[in-house]
Amino acid sequence: MSKLKWLGAGALAVTLASWGAARAPLARGQEPQARGPEQRAGSTTQGNPTEHMTPAEIQSGKLNFQGSCGECHGVDASGGVGPNLHGVVQQHGVQFVFNAIRYGIPGTAMAAVSSLNDKRAWQVVGYLKTLTVAPGSMKVNGDPAKGKDLYTSNGCSMCHEIDGKGGAVGPELTGIGEVRSPKYLEEVLIDPAKNPPADPALPERRMWTGYVLTKVVTKDGKTFVGSRVNEDTFTITLRDMAGNYHTFNKSSLQSVDKEFGKSFMPSFSRLSEAQRNDLVAYLMTLKGAQ
Ligand code: HEC
Ligand code: HEC
Numbered sequence: 001m002s003k004l005k006w007l008g009a010g011a012l013a014v015t016l017a018s019w020g021a022a023r024a025p026l027a028r029g030q031e032p033q034a035r036g037p038e039q040r041a042g043s044t045t046q047g048n049p050t051e052h053m054t055p056a057e058i059q060s061g062k063l064n065f066q067g068s069c070g071e072c073h074g075v076d077a078s079g080g081v082g083p084n085l086h087g088v089v090q091q092h093g094v095q096f097v098f099n100a101i102r103y104g105i106p107g108t109a110m111a112a113v114s115s116l117n118d119k120r121a122w123q124v125v126g127y128l129k130t131l132t133v134a135p136g137s138m139k140v141n142g143d144p145a146k147g148k149d150l151y152t153s154n155g156c157s158m159c160h161e162i163d164g165k166g167g168a169v170g171p172e173l174t175g176i177g178e179v180r181s182p183k184y185l186e187e188v189l190i191d192p193a194k195n196p197p198a199d200p201a202l203p204e205r206r207m208w209t210g211y212v213l214t215k216v217v218t219k220d221g222k223t224f225v226g227s228r229v230n231e232d233t234f235t236i237t238l239r240d241m242a243g244n245y246h247t248f249n250k251s252s253l254q255s256v257d258k259e260f261g262k263s264f265m266p267s268f269s270r271l272s273e274a275q276r277n278d279l280v281a282y283l284m285t286l287k288g289a290q
């Protein structure tokens, strides 16, 4: 699945520490039923703690969601690095969502969230259950066909690959509509450096935030700018705009500056809102290689 390929590598950086914790309870057999999405909410055998929740408990779930999940799923659960969760309870059931929080979803970027105890985790599920319809900002009202033309005319494919065609300066977009929300995509077009994703095509980068632009100046005065793809005590490797790799011995460098707020990707805020909507509509049609 391209979805796994997409999220797996980059996510390890975030989740490596909690990975062991995510699996340990399963290994000890405390929770025998790690359910797949196809096994619907087992409310008959499991009970369903969300059934009689008070508004105060739901509110507490909301706050815990914002604190523990919002960073990846968006504070309003409309999606970010992690998918939009509106309707997820209706689709997969309460037990699935609870298990996702408790144990993570093995093989994906979704790791167990150990900061919540069972009671709080259930309150988060209770809160998510109230989110049945996507918020207004989620509406995709652009025209995907026009968006596709804009994609071509704005040179996006110079830097991005779709179905094996295009450049590799930025991440592959073949499955972008599956893993990102429209709101997030709109933000990327306006301010690309705001939330740089990890690059799963470069496994060695999993230690680093993807695409951090880094500028080095050598002791003999040469400047290089590229995405930092690797760094250890003695060396740093940058990939430049053309896709070439440059490895430097740190002892030969005058300075190393990470430009966190910058990106190779230009802002497309100069496009009209309607044009950005068209682009987002097109990107949302990209659901992965068939
Ligand atoms: C570090 C980022 C991150 C955090 C924090 C995080 N998630 Fe996730 N979550 C993801 C990603 C990425 C996926 C998609 C996994 C996949 O299918 O590849 C996901 C998937 C899910 C899914 C499955 C969605 C589906 O439709 O299959 C649920 C449910 C979920 N997360 C709930 C939560 C909840 C609730 C929290 C907080 C308690 C949380 N997540 C915290 C990144 C995160
Ligand atoms: C000069 C190279 C370049 C061009 C041109 C470019 N991008 Fe990007 N894009 C990148 C890089 C690099 C990133 C990674 C994040 C960052 O550095 O901001 C990125 C990130 C993205 C992302 C986020 C991907 C993710 O996984 O979250 C999307 C979506 C995207 N670009 C779409 C576009 C579209 C649409 C266009 C054309 C309108 C475009 N890009 C033009 C380099 C480029």
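With the numbering used here applied, the sequence shown covers 1 to 290.
Don't be surprised by glycine CBs; every beta carbon is placed ideally from N, CA and C.
- request: With a threshold of 16 other CB atoms inside 10 Å of the CB of LYS129, please say whether the residue is buried or exposed.
  value: With 16 or more Cβ atoms within 10 Å of its Cβ, LYS129 is classed as buried.
Alpha-carbon to alpha-carbon, TYR211 and ARG239: Cα atoms of ARG239 and TYR211: separation of roughly 9 Å, rounded to the nearest angstrom.
query: Comparing the CB of ILE190 with every heavy atom of ligand 2, is any distance shorter than 7 Å?
result: Distances between the C-beta of ILE190 and the heavy atoms of ligand 2 are all 7 Å or more.
task: Measuring alpha carbon to alpha carbon, tell me which of GLN123, PHE65, GLY170 and LYS222 ends up nearest THR50.
output: If we check each option's Cα against that of THR50, GLN123 comes out closest.
- prompt: Should PRO266 be flagged as near chain C, meaning a C-beta pair shorter than 8 Å?
  reply: In the structure shown, chain C does not exist; there is a single protein chain.
message: Could you compute how far the alpha carbon of GLY243 sits from the alpha carbon of GLY226?
response: Between the alpha carbons of GLY243 and GLY226 lies a distance of about 9 Å.
message: Rounding to the nearest angstrom, what Cα-Cα distance links ASP76 and GLN66 in this structure?
response: Computed Cα separation, rounded: 8 Å.
message: Report the CB separation of ALA193 from LYS262 in whole angstroms; it is logged as a contact under 8 Å.
response: Yes, they are in contact, since the Cβ atoms of ALA193 and LYS262 sit about 5 Å apart, within 8 Å.
- prompt: What is the rounded straight-line gap between the Cα of GLY61 and the Cα of GLY79?
  reply: Distance between the alpha carbons of GLY61 and GLY79 is about 17 Å.
Beta-ladder partner(s) of GLU71, from DSSP: Looking at the DSSP assignment, GLU71 forms no beta bridge with any residue, so it has no partner.
- prompt: Taking the C-alpha atoms as reference points, what is the distance between LEU253 and GLY126?
  reply: Using only the alpha carbons, I get a separation of about 54 Å.
query: When the distance is taken between beta carbons, is THR237 closer than 8 Å to ASN230?
result: If you check the CB distance, ASN230 and THR237 come in under 8 Å.
- prompt: Would you say CYS72 touches ligand 2, meaning its beta carbon is less than 7 Å from a heavy atom?
  reply: Relative to ligand 2, even the nearest heavy atom lies 7 Å or more away from the CB of CYS72.
- request: Take SER255 as the anchor and find which of MET110, ALA100 and THR235 has the nearest alpha-carbon.
  value: Measuring C-alpha to C-alpha distances from SER255 to each of MET110, ALA100 and THR235 identifies THR235 as the nearest.
- request: Taking only the alpha-carbon atoms, compute the straight-line gap between LEU173 and THR54 and give it to the nearest angstrom.
  value: When rounded, the separation of the alpha-carbon atoms in LEU173 and THR54 is 42 Å.
Burial state of GLU186 (16 or more Cβ within 10 Å): Answer is buried; the Cβ neighbour count reaches 16.
query: What did DSSP end up calling GLU51 once you bin it into helix, strand or coil?
result: In this structure, DSSP gives GLU51 a state outside helix and strand, which the three-state scheme calls coil.
- prompt: Which residues mark the beginning and the end of the alpha helix (DSSP H) in which ASP118 is found?
  reply: Per DSSP, ASP118 belongs to the alpha helix (DSSP H) from 118-129.
N- and C-terminal bounds of the alpha helix (DSSP H) containing THR108: According to the DSSP assignment, THR108 belongs to no alpha helix (DSSP H), since it is labelled neither H nor E.
query: In its own chain, which residues sit with a C-beta less than 6 Å from the C-beta of GLY74, not counting the 5 before and 5 after it?
result: So the qualifying residues of the chain are GLY80.
query: Can you tell which of GLY93, LEU116 and HIS92 has its C-alpha closest to the C-alpha of CYS69?
result: For CYS69, the nearest C-alpha among the options comes from LEU116.
- prompt: Enumerated in chain order, which unbroken segments of the alpha helix (DSSP H) with a length of 4 residues or greater are wholly contained in the region 154-204?
  reply: Those alpha helix (DSSP H) runs which fall completely within the region 154-204 and span 4+ residues are 176-179 and 182-190.
task: Identify, in the order they occur along the chain, each residue of the same chain with its Cβ nearer than 6 Å to the Cβ of HIS160, setting aside the five sequence neighbours on each side.
output: GLY166, GLY170 and LEU173, listed in sequence order.
- prompt: Can you name, in chain order, every residue of its own chain whose Cβ lies under 8 Å from the Cβ of ASP344, other than the five neighbours on each side?
  reply: The shown model of the chain, from 1 to 290, leaves out residue 344, and the question about it has no answer.
message: Considering only their Cβ atoms, is the gap separating LYS250 from GLU178 smaller than 8 Å?
response: Not a contact, by the Cβ cut-off of 8 Å.
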